[in-house]
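Q:
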Amino acid sequence: MLVVLLGIIIFLNKKKLRFANDVINTDTYKNTTMTNTGLQVINRYRGTAPEEGGINLTWPERYISIAGGVKLGISGFKNLFRSPFSSILKIGASGYLLTRGVTGHCELYTQMGKTSTDDAVNVNIRSSFAVSKPRQQVYEFWRQLDNLPLFMKHLESVSI
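Under the working numbering, the sequence shown has 1516 at position 23, and the numbering climbs by one with no breaks.
(1) Leu1643: buried (16+ other C-beta within 10 angstroms of its C-beta) or exposed?
(2) Can you tell me the Cβ-Cβ gap for Ile1653 and Leu1641, rounded? I've got them flagged as a contact below 8 Å.
(3) Residue range of the alpha helix (DSSP H) that Leu1643 falls in?
(4) Of all the options Lys1583, Ile1567 and Tyr1632, which has the alpha carbon lying nearest to the alpha carbon of Val1624?
(5) What number of angstroms, rounded off, separates the C-alpha of Phe1574 from the C-alpha of Ile1581?
(6) Could you tell me which of Gly1561, Leu1565, Val1595 and Gly1569 sits nearest to Asn1549, measuring between CA atoms?
(7) Report the three-state DSSP secondary structure of Leu1565 (helix, strand or coil).
(8) In whole angstroms, give me the CA-to-CA distance for Val1651 and Asn1615.
(9) Please report the distance separating the alpha-carbon of Ile1567 from that of Lys1583.
(10) Classify Glu1649 as helix, strand or coil using the three-state DSSP reduction.
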C-alpha cells in the first residue's frame, strides 16, 4: 500500500519528476512542435543539449526500472519488521529505481558518460555530382587501384 502511495506522490511531483517524453514543446529553431525527446536529439546533434538532467534511458530501461522498483518496494515493506536493515536498503533502492524509471534520467549513466538514447540517432547525408566524361573512361579510371586514394580519402596508398 505504501508503495502505491509513494508512486502517486512521485507522479504528482511535477516539478522534479515528470514523463519528459510526453510533454509537448515548441522548438524555436524552426517553430515546429515535437516531443522533448525529439528536441533533445536535435539539440544533441546541434551541440546545444543541456549538460545535466536530460533523458538518458530508453523506454525498456525505464519500464524495467519501474517494475524493479515496485518489486523491491513491496519486498522491503513486507519484511520491514523481520529484517529492518535489509528492508531499508531495499526501500532505498526501490526509490532510486522508481525515480530513474519515471524521470528517464540515470545519474550513474551521466557520471559514466553513457547515453543510451544516442543509439537511435541517424544522420543521412546525400549528395550527387556530375562527371563530364564517357562511362567507359570513368570505369577504367575507377578500376585502376592506384587511383583509389584520389577519391577515397580514408586510403593513403594502394600497393599490389
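Every residue, glycine too, gets a C-beta built ideally from N, C-alpha and C. These figures come from a predicted structure and were not determined experimentally.
A: To lay it out plainly:
(1) Counting Cβ neighbours within 10 Å, Leu1643 comes out exposed, since fewer than 16 surround it.
(2) Between Ile1653 and Leu1641 a beta carbon distance of about 11 Å is seen, past the 8 Å cut, so the two are scored as non-contacting.
(3) Residues Leu1641 to Phe1644.
(4) When each option's Cα is compared against that of Val1624, the closest is Tyr1632.
(5) One C-alpha to the other measures close to 10 Å.
(6) Selected option, being the one with the closest Cα: Val1595.
(7) Reduced to three states, the DSSP call for Leu1565 is helix.
(8) Per the coordinates, the alpha-carbon of Val1651 lies some 32 Å from the alpha-carbon of Asn1615.
(9) In this structure, the CA atom of Ile1567 is about 9 Å from the CA atom of Lys1583.
(10) Glu1649 falls in the coil class under three-state DSSP.
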